[in-house]
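Chemist: The structure is given below, and queries will be raised subsequently.
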Amino acid sequence: MTSFWTLFSKELLRFLKVSVQTVAAPVLTSLLYLVIFGHAVAGRLQVYEGVPYTSFLVPGLVMMSVLQNAFANSSSSLIQSKITGNIVFVLMSPISYLEFFSAYVAAAVVRGLAVGAGVLAFTVWFVELKLEAPLWALAFGLLGAGLLGTLGLIAGICSEKIDQLAAFQNFVIMPLTFLSGVFYSIHSLPGFWQALSHANPFFYMVDGFRYGFFGVSDFPPGASLAVVAASFFVVSLLTLGLLKTGYKLRH
Amino acid sequence: MRALAGVSLSIGEGEFFGLLGPNGAGKTTLINVIAGLSRADAGAVQVMGADVVSEYRRARSMLGVVPQELVFDPFFSVRETLRLQSGYYGIRRNDAWIDEVMHHLDLAGKADANMRSLSGGMKRRVLVAQALVHKPPVIVLDEPTAGVDVELRQGLWQFIRGLNRDGHTIVLTTHYLEEAELHCNRIAMFKAGRVVALDSTRNLLRMFSGSQLRIRLDREELPAPFPGEVVSRDGTLFRIKLGNYGELETALTRLREAKVRILEIELQPPDLEEVFLRLTGQS
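Chains as they are written, first to last, in the working numbering: chain A, 58 to 308; chain B, -19 to 263.
This is the structure:
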C-alpha cells in the first residue's frame, strides 16, 4: 500500500503546488459562467417549478467543474510525465498497474471534488440552494469524477503530444460536457436532440447530481447512477487493460 | 527493426560488469528490457532469479537503474524526489539513508532545492541517488558520467566502487572506455544487437590487444627478421605491436645483435579502446 499512497500523494502534491492554476482558476471560470448566464437568462427561464434559473445552474456548473478538472488532472499529469520522461521512475518501480490506476484516478477525484467544492462554497453566498438528497449528489460527484479521471488516464496514455491531448479535450470532453444539460433541461430540447442527449453519459452525471440538490431530475436518478457506474466500470476495465499491457508506456 | 538478437549472458552476484558498444548497438534496449521499460518479443530476463515480466515486483525491487537521459520531475525538491522514490519501492521513513546517499553524492547542500534549479551534473547525481534509495542489490548505470565534471566523476566512481565492495552487482554502460577498463571485471561488447565478445576485461585485453612498443633508433631500418608487427614509422621512430612479452625480449636481442642503438623506448600496455574498435569493426 505504501507504493499506492506515495503515488497518490505525489499526484496530490503536483496539483496542490500549483493550486492557483489547478483549483482557483477553474473556480473563477465557473463563477464567471454563473454571473454571465445568470444575468443573461435569469428571469426569462424557469426550468423546475419554484427553482430560479441561477439556482438550477449552480449544481450543473459544480458538476461541470468536477468533471473537467478530474479529466485535466490525470491526463495532464500523465502526458507531462511522458513528455519530460520522468514517468520512468514510476514504470521502473514495483508499483502494480492496479496501484498506478487507483492513485491517478483517486488524485483526479480529489482535484475534481476540490474545484467543485470551491465553486459551491463561493456560489452559496449569492444563490439560494438546498441539498435535498446529499448522498445522491455525493455519489454522482464521486463516480463522475472517477469516470472522468479514468478517461483522462486513457487520453494521457494514448497521447504522445500535448496537442493530441488538447484535441481529445476540445473535441470530446468539452462538447459532451456542454451538451449534458448543464445550462438547460433536456426537456426543453426538440425530440431528436432529447433522444441524442440520452446517449451522452455526461447528461446522467449532471442530471443525477442536480437531483441531489432539488430532488427533481429529467431522468430517474437510480437509472442515471446505474449508467454512470456501468460506464465507470467499462472504462476502468479498458484502462486497466492498457496499463497491464503497457500500451504506449512500455515499448 | 530488431534491436537485440540472440543475446544470452549471465552476470554473477557482486560483479562489476560492462556493456560496451557503439551507439545503436542495443545496450540501452537491453537495460530497458531488464528494467521493464521495454518488452522483449522473445526470451527471458531474470534479476536475482526473478523474471522481469512474471515476477516484475520482485525483480524491480532488486534493481536500481540510472537512466541515460537527464529526466526529473520539476514539481519537487531533491529531498521530495528521493522520498517519493523510496515510497514507490514501499519504503517509508527512509530519511537516514537518503541523507547518507546525499552526503556521498555531495547533494546535501541542495536537499531543498527544486530539481529545475540544478545544473546538469547535479541532476545526474540525483538520478544516481534515486537508483539507490531502496538499496538494490543490482545497480544498472547507463552512461552515468556523461556530461559530468571530473571532480564528480571521481567521487561517483569512489561511491560506486564502495557499493560494489559491499556486494552490490554493478552493470555499467559507458562511452568512456578507460572507465570500463578501470572498473569492470567482465565486459560484453555489443554490435548491431548481438554480443560480439564476452569475457573478463583482462582476457579481452590479452586476446585482442597486444602491447605496443614505441622505440626510437639510431637508424631508419629495423634488423630483419624482427618480431611483432610495425604499426607505424616516422623516421627513426617505430610503433611495433607485440603479441606477447616474449617478443619484447626477442626484439631487444635482435637490436643488440645488429648493434642498433636505442635512443628512446616505451612499452604501452594493452588498451580497451583498441579491443573495442577491432570488435565493433570501427578500426
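Built from N, CA and C at the ideal position, the CB exists for glycine as well.
From a predicted model like this one, the values you see are computed outputs, not experimental measurements.
So the beta strand (DSSP E) Met42 of chain B belongs to, where does it begin and stop?
Modeler: Note, Met42 of chain B: premise wrong, no beta strand (DSSP E); not H, not E.
Chemist: If I follow the unbroken alpha helix (DSSP H) through Val273 of chain A, where does it start and stop?
Modeler: Note, Val273 of chain A: premise wrong, no alpha helix (DSSP H); not H, not E.
Chemist: At a Cβ cut of 9 Å, what residues of the stretch 146 to 163 of chain A count as close to chain B, listed as they run along the chain?
Modeler: Hits within the stretch, in order: Phe146, Val147, Leu148, Met149, Ser150, Pro151, Ile152 and Ser153.
Chemist: Write down every uninterrupted run of the alpha helix (DSSP H) in the stretch 88 to 141 of chain B whose length is 4 residues or greater and which is fully enclosed by it, in chain order.
Modeler: For the stretch 88 to 141 of chain B, whole alpha helix (DSSP H) runs of length 4 or above, ordered along the chain, are 100 to 112.
Chemist: Whose C-alpha, out of B:Leu178, B:Glu237 and B:Ser180, is nearest the C-alpha of Ala204 of chain B?
Modeler: Of the listed residues, the one whose Cα sits closest to Ala204 of chain B is B:Glu237.
Chemist: Determine whether the Cβ of Leu300 of chain A lies closer than 8 Å to any Cβ atom of chain B.
Modeler: Answer no: the Cβ-Cβ gap between Leu300 of chain A and chain B never drops below 8 Å.
Chemist: Out of curiosity, what's the CA-to-CA distance linking Thr180 of chain A and Ser18 of chain B?
Modeler: The straight-line gap from Cα to Cα measures roughly 50 Å.
Chemist: Provide the residue span of the beta strand (DSSP E) that contains Asp179 of chain B, from first to last.
Modeler: From DSSP, the beta strand (DSSP E) with Asp179 of chain B extends over Arg174 to Ser180.
Chemist: Under 9 Å, CB to CB, which of the residues in the stretch 62 to 88 of chain B have a partner in chain A?
Modeler: Going along the stretch 62 to 88 of chain B in chain order, one finds Arg63, Leu64, Gln65, Ser66, Gly67, Tyr68, Tyr69, Gly70, Ile71 and Arg72 with a Cβ nearer than 9 Å to chain A.
Chemist: If you measure from the beta carbon of Asn257 of chain A to each beta carbon in chain B, is any gap under 8 Å?
Modeler: Closer than 8 Å: no.
Chemist: Please go through the same chain and pick out, in chain order, the residues whose beta-carbon is closer than 8 Å to the beta-carbon of Leu195 of chain A, but skip the five residues on each side of it.
Modeler: The answer, listed in chain order, is Gly269.
Chemist: Could you give the distance in angstroms between the alpha-carbon of Tyr286 of chain A and the alpha-carbon of Leu200 of chain A?
Modeler: Residue identity check: residue 286 of chain A is Ala in the sequence provided, not Tyr. Each residue's alpha carbon lies about 7 Å from the other.
Chemist: Taking the alpha-carbon positions, what's the Val175 of chain A to Val80 of chain A distance?
Modeler: The question names Val, but residue 175 of chain A is Gly in the sequence shown. Their Cα atoms are separated by approximately 8 Å.
Chemist: Looking at C-beta atoms only, is the number of pairs between the stretch -14 to -2 of chain B and the stretch 155 to 172 of chain B that lie closer than 8 Å three or more?
Modeler: Judged by Cβ distances under 8 Å, the stretch -14 to -2 of chain B makes contact with the stretch 155 to 172 of chain B, as three or more pairs qualify.
Chemist: Once the 5 residues before and after Ala212 of chain A are set aside, which same chain residues still bring their CB inside 7 Å of it?
Modeler: Cβ within range, chain order: Ser132, Leu222 and Phe225.
Chemist: Helix, strand or coil for Gly248 of chain A? Go by DSSP, reduced to three states.
Modeler: Helix.
Chemist: Please tell me whether Thr207 of chain A has its Cβ less than 8 Å away from any Cβ of chain B.
Modeler: Chain B contact via Cβ: absent.
Chemist: Between the alpha carbons of Ala171 of chain A and Val123 of chain A, how many angstroms are there, rounded?
Modeler: Ala171 of chain A and Val123 of chain A: Cα-Cα distance of roughly 8 Å.
Chemist: Grouping DSSP H, G and I as helix and E and B as strand, with all else coil, what is Arg196 of chain B?
Modeler: Reduced to three states, the DSSP call for Arg196 of chain B is strand.
Chemist: Work out the CA separation of Glu227 of chain B and Pro207 of chain B for me, nearest whole Å.
Modeler: Answer to the nearest angstrom: the Cα atoms are 6 Å apart.
Chemist: For Ala287 of chain A, which of helix, strand or coil comes out of DSSP?
Modeler: Note: Ala287 of chain A maps to helix in three-state DSSP.
Chemist: Pull up the CB-CB distance for Ile195 of chain B and Phe218 of chain B, whole angstroms please, since I reckon it's below 8 Å.
Modeler: Confirmed, about 5 Å.
Chemist: For Gln48 of chain B and chain A, any beta-carbon pair shorter than 8 Å?
Modeler: No, because no Cβ of chain A sits closer than 8 Å to the Cβ of Gln48 of chain B.
Chemist: Taking the Cβ atom as the reference point for each residue, do Leu186 of chain A and Ser66 of chain A lie within a distance shorter than 8 Å?
Modeler: No. Outside cutoff.
Chemist: Once DSSP output is grouped into helix, strand and coil, what is the label at Gln26 of chain B?
Modeler: Of the three classes helix, strand and coil, the one that applies to Gln26 of chain B here is strand, per DSSP.
Chemist: Could you have a look at Ala168 of chain B and say whether DSSP puts it in helix, strand or coil?
Modeler: Ala168 of chain B: strand per DSSP, three-state reduction.
Chemist: Which residues of chain B have a Cβ atom closer than 8 Å to the Cβ of Gly303 of chain A, listed in chain order?
Modeler: In chain order: Arg19.
Chemist: Cβ atoms of Ala283 of chain A and Ala202 of chain A: under 8 Å apart, would you say?
Modeler: Result no, Cβ atoms of Ala202 of chain A and Ala283 of chain A do not sit closer than 8 Å.
Chemist: Between the alpha carbons of Arg213 of chain B and Glu200 of chain B, how many angstroms are there, rounded?
Modeler: C-alpha separation (whole angstroms): 9 Å.
Chemist: So Val115 of chain A is in the alpha helix (DSSP H); what residue range does that whole segment cover?
Modeler: Note, Val115 of chain A: alpha helix (DSSP H), Tyr110 to Thr141.
Chemist: Which residues in the same chain have their Cβ closer than 7 Å to the Cβ of Ile243 of chain A, if we skip the five residues on either side of it in sequence?
Modeler: So the qualifying residues of the chain are Gln251, Ser254, Phe260 and Asp275.
Chemist: Counting beta carbon pairs with one atom in the stretch 141 to 150 of chain A and one in the stretch 74 to 92 of chain A, are three or more of them shorter than 8 Å?
Modeler: Flag = no, the stretch 74 to 92 of chain A and the stretch 141 to 150 of chain A do not touch.
Chemist: If the cut is a Cβ gap below 9 Å, which residues of chain B does Phe307 of chain A touch?
Modeler: For the record, residue 307 of chain A in the displayed sequence is Arg; it is not Phe. Those are Asn12, Gly16, Leu17, Ser18 and Arg19, listed as they occur along chain B.
Chemist: Mind the definition here: the stretch 30 to 39 of chain B touches the stretch 62 to 69 of chain B only if three or more C-beta pairs lie below 8 Å; say whether that holds.
Modeler: Too few Cβ pairs lie closer than 8 Å, so no.
Chemist: Quick one, which residues of the stretch 125 to 143 of chain A are near chain B if we go by CB-CB under 8 Å, in chain order?
Modeler: Against chain B - using a Cβ distance shorter than 8 Å - the residues of the stretch 125 to 143 of chain A are Ser138, Thr141, Gly142 and Asn143.
Chemist: List, in order along the chain, the chain B residues whose C-beta lies closer than 7 Å to that of Arg71 of chain A?
Modeler: Within chain B, the residues near Arg71 of chain A are Phe55.
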